[in-house]
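Participant: For the sequence shown, the positions run -22 to -1, 1 to 215 when mature numbering (1 follows the signal peptide of the UniProt record, and there is no 0) is used. Before we start, here is the structure in question, set down as structure tokens.
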Amino acid sequence: MTQFQVIFFLLLICHLILQLHSEHRKSNTNTKCPHLFKTLHDCTCVRPNIIDCSSSTTLTHLPRSWTSANHNLTAFTQSITHFNLSLVSSLSFIKTNDFQGLYNLRHVLIINTGLITIQPHAFRHLPRLYELRLEFNRNLVEIKSFALSDIEHIHLLSLKSNSIHILHTEAFRNTHFVDILDLSDNPLEIIESYAFNGLKSVGTLILCSSSTCPIKQLDPYAFFGFHTCDTILLSGL
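The structure is reproduced here in structure tokens:
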């Protein structure tokens, strides 16, 4: 290869690198979510099936409704499979039916946020939900009645490492099939009667996984309502 050919080859490589970089920048500038969902204005929709609000500084609540007569918006909501709300310190509550309309949603992450309250039936109408991780939310001190109800069939429901000290009656009403329900690493002291009522089948229920378990009060019939539960971990009790 002559010196001229070498120089030409290097220039060609540089041109291709610059072109790829330019295309990458262009693709990254087109990551905004549909503008009609105003509460998501500083979230990104990098891929057609992911809403990423991690580290948002303005998000205080989710859109009032995910349904629309607009075909493009309907196609957008039906495509969403992942929703990341981690590190959103401004998010303090999840409302009833907050995710209704995202029928293909499979993964929801609400980790290390300002979450205080989960309203009843917050996660219903999500028939394909596979993983719900509510973790490291230091202001979440209780799971109210029906807060995690009406989840049809889910692989992982993780509530670990929050500040939960009480599970109220029927917190999981009509959440039928759960492979793993993890409540470990919470200062969980009280489990009210019928707290797990309505859970038809649980593979593994993790209440305590450390050398000490903070549970002080197990009300009568606290575990009433299980049809089947393969394993309950209560180490350190």
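We put the CB at the ideal spot given by N, CA and C, even for glycine.
Would you say L112 and L137 are within 8 Å of each other, going by their C-beta atoms?
Facilitator: In contact: L112 and L137 (Cβ atoms closer than 8 Å).
Participant: Going by alpha carbons, who is nearest to T36 out of N175, S67, F174?
Facilitator: Looking at the Cα atoms, S67 is the closest of the given residues.
Participant: Please report the straight-line C-alpha distance between S171 and R84, rounded to a whole angstrom.
Facilitator: If I take the Cα positions, the gap works out to 31 Å.
Participant: Indicate whether L145 and I121 have their beta-carbon atoms separated by less than 8 Å.
Facilitator: Yes.
Participant: Drop a sphere of 10 angstroms on the beta-carbon of A149, count the other beta-carbons inside from all chains shown, and report buried for 16 or more, exposed for fewer.
Facilitator: Classification for A149: buried.
Participant: Quick check: L18 and P41, are their CB atoms within less than 8 Å of each other?
Facilitator: For L18 and P41, yes; Cβs fall inside 8 Å.
Participant: In whole angstroms, give me the CA-to-CA distance for N140 and I96.
Facilitator: Answer to the nearest angstrom: the Cα atoms are 13 Å apart.
Participant: Run through the DSSP bridge pairs and tell me what S179 is partnered with.
Facilitator: According to DSSP, S179 bridges with F155, T206.
Participant: Whole angstroms is fine: what's the gap from T209's alpha carbon to V24's?
Facilitator: Straight-line Cα distance between these residues: approximately 39 Å.
Participant: What are the start and end residues of the beta strand (DSSP E) that includes H85?
Facilitator: Counting along the chain, the beta strand (DSSP E) containing H85 begins and ends at 85 to 89.
Participant: Nearest-angstrom Cα distance between N117 and E130?
Facilitator: Roughly 27 Å separates the two Cα atoms.
Participant: Using the C-alpha atoms, what's the distance from L183 back to F114?
Facilitator: Roughly 19 Å between the two C-alpha positions.
Participant: If we ignore side chains and look at the alpha-carbon of each, how far apart do L126 and I169 end up?
Facilitator: Whole-angstrom Cα-Cα distance: 15 Å.
Participant: Starting from the C-beta of L159, find all residues in its chain whose C-beta is less than 6 Å away, skip the five residues before and the five after it, and write them out in chain order.
Facilitator: L135, V180, L183, listed in sequence order.
Participant: Could you compute how far the alpha carbon of I28 sits from the alpha carbon of L185?
Facilitator: About 31 Å.
Participant: In angstroms with no decimal places, state the Cα-to-Cα distance between S32 and L69.
Facilitator: Those two C-alpha atoms are separated by around 11 Å.
Participant: For H(-2), count the other beta carbons within 10 Å of its own beta carbon; 16 or more makes it buried, fewer makes it exposed. Which is it?
Facilitator: Bear in mind that the predicted position of H(-2) carries a pLDDT of just 44, short of 50, making it unreliable; the figure below should be weighed with that in mind. Exposed is the call here.
Participant: Are there 16 or more other CB atoms within 10 angstroms of the CB of S34, so buried, or fewer, so exposed?
Facilitator: It is buried - the Cβ of S34 has at least 16 other Cβ atoms within 10 Å.
Participant: In angstroms with no decimal places, state the Cα-to-Cα distance between P12 and T52.
Facilitator: Each residue's alpha carbon lies about 11 Å from the other.
Participant: DSSP three-state call for Q56: helix, strand or coil?
Facilitator: Three-state DSSP puts Q56 in a helix.
Participant: What does the alpha-carbon distance come out to for the pair L93 and E109?
Facilitator: So the alpha carbons of these two residues sit roughly 18 Å apart.
Participant: Report all residues from its chain with a CB closer than 8 Å to the CB of A100; omit the five preceding and five following residues, and keep chain order.
Facilitator: Here the set comprises I72, K73, T74, N75, D76, F77, A125, L126.
Participant: Using 8 Å as the threshold, is the C-beta distance between T55 and G79 below it?
Facilitator: Their beta carbons are under 8 Å apart, which means T55 touches G79 by this criterion.
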